[in-house]
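Enquirer:
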C-alpha cells in the first residue's frame, strides 16, 4: 500500500464526515428558532399565529444549510 492509496481512502471518507458536521448547524439553528418562538408565545399569546408563520420561515432558511451541506458533499466527494 503506497501513499497515494492511503490518501485516496482518507479523502473518500471526508465528504461523509463533512456532511455529518454540516448537519449539526441546522439542528442547533432549528432548536434555537423553535425555542425563541415558544418564549415569544409565552410572553404574548395573542401573537402566536404570526410567530408560528415566522418560525416556519426561519426553519426553512435554517434547513437550507443542510441542503447546501448535502450538495457540497456530492460536489467534493466525487
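In the numbering used here, the protein residues as written are 4 to 81.
Just so you know, even glycine gets a beta-carbon here, dropped at the ideal spot from N, CA and C.
Which residues in the same chain as residue 62 place their Cβ atom closer than 7 Å to its Cβ, once the five residues preceding and following it in sequence are excluded?
Expert: So the qualifying residues of the chain are 33, 36.
Enquirer: Have a look at residue 53 and residue 71 and give me their C-alpha separation to the nearest angstrom.
Expert: Each residue's alpha carbon lies about 28 Å from the other.
Enquirer: Determine the direct distance from the alpha carbon of residue 74 to that of residue 24, and round the result to whole angstroms.
Expert: Roughly 14 Å between the two C-alpha positions.
Enquirer: Using a beta-carbon distance below 7 Å, is residue 74 in contact with chain C?
Expert: Looking for chain C here will not work: only one protein chain is present.
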